[in-house]
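Engineer: Numbering (my numbering), first residue to last: 2 to 249.
Please read through the structure below; I'll follow up with questions.
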């Protein structure tokens, strides 16, 4: 099954797509394919990720969203080439988010939305190439201090957290913030996410329905988030968004 799910992406990456196939354990047979650069195991029933994930040292892109993952292995920090990591919609709490995640020095996009995080490990300060961070739908009461010192962080989504203290102060001037909404591109959102954005915008009074002459088609030209699961747009999104570590 795994070999049949292999393909080459338009940008020349070797990708293994085992999304939405109902697996509940990480197949050990995948070790035979550890030279892959992209791995999609999203929308399955995985509760754990084995330590041997660290042997996939050439991975640039790892999608584990919409599983049941409760804890990351310490070996996650050995994926030094990883640029994109999606852990959205799992069962991760702060204890389950391995401190070894700080070893992902080339990581640029990280999605931790829809988990049970109350804070982030101090090792997050080592993610010096991180540019986009999704923390929406967690249990954060404040934005973790380690966020403030990430030099390349430009976009962060903390929507739907019980946050009482927002991002402010030195080091946060370059972040793209709109209340607790952070700018994303419309084409990167799946349809349910896009509809929810439209509903939220309406509730926030961003659409002036009283002035019919000035009404326009709703267009989120600036919206950006790593929480998209829109398969049709992923290839284009990766090519336009990802910058190799050598050029960053």
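Glycine is no exception: its CB is placed at the ideal position from the N, C-alpha and C atoms.
For clarity, every value in this text was computed on a predicted model and none was experimentally measured.
#1: Which residue's Cα is closest to the Cα of residue 155: 137, 109, 122?
#2: Note the first and the last residue of the continuous beta strand (DSSP E) segment covering residue 117.
#3: Helix, strand or coil for residue 87? Go by DSSP, reduced to three states.
#4: How would you label residue 69, buried or exposed, when you count the other beta carbons within 10 angstroms and need 16 or more for buried?
#5: Helix, strand or coil: how does DSSP classify residue 95 here?
#6: Figure out for me which residue from 134, 148, 24 has the closest Cα to the Cα of residue 123.
#7: Less than 7 Å between C-beta atoms, sequence neighbours within five positions excluded: which residues of the same chain meet that for residue 107?
#8: Please determine, among 66, 103, 35, 126, the residue with the shortest C-alpha to C-alpha distance to residue 47.
#9: Look at the Cβ atom of residue 97, then the Cβ atom of residue 75, and state whether they are nearer than 8 Å.
#10: Are the CB atoms of residue 143 and residue 164 nearer to each other than 8 Å?
#11: Going straight from the alpha carbon of residue 136 to that of residue 34, what length do you get?
#12: Residue 57: which of 18, 115, 36 sits nearest, CA to CA?
#13: Taking the continuous beta strand (DSSP E) assigned at residue 156, which residues delimit it?
#14: Using the C-alpha atoms, what's the distance from residue 196 back to residue 209?
#15: From 49, 92, 86, 5, pick the residue whose C-alpha is nearest to that of residue 61; which is it?
#16: From residue 27 to residue 152, what distance separates their C-alpha atoms?
#17: For residue 55, which three-state DSSP category applies?
#18: Would you say residue 140 and residue 162 are within 8 Å of each other, going by their C-beta atoms?
#19: Answer with buried or exposed for residue 43, where buried requires no fewer than 16 other C-beta atoms within 10 angstroms of its C-beta.
Structural biologist: Judging by the given coordinates:
#1: 109
#2: Element bounds for residue 117: n/a, residue is neither H nor E.
#3: DSSP places residue 87 in strand when its eight states are reduced to three.
#4: exposed
#5: Of the three classes helix, strand and coil, the one that applies to residue 95 here is helix, per DSSP.
#6: 148
#7: 81, 82, 83, 84, 130, 246
#8: Closest option to residue 47, Cα to Cα, is 66.
#9: no
#10: yes
#11: Going from the Cα of residue 136 to the Cα of residue 34 covers about 31 Å.
#12: 36
#13: 156 to 158
#14: With a pLDDT of 44 at residue 209, under the threshold of 50, the modelled position of that residue is not reliable, and the figure given next carries that caveat. Residue 209 and residue 196: Cα-Cα distance of roughly 18 Å.
#15: 86
#16: 34 Å
#17: helix
#18: yes
#19: buried
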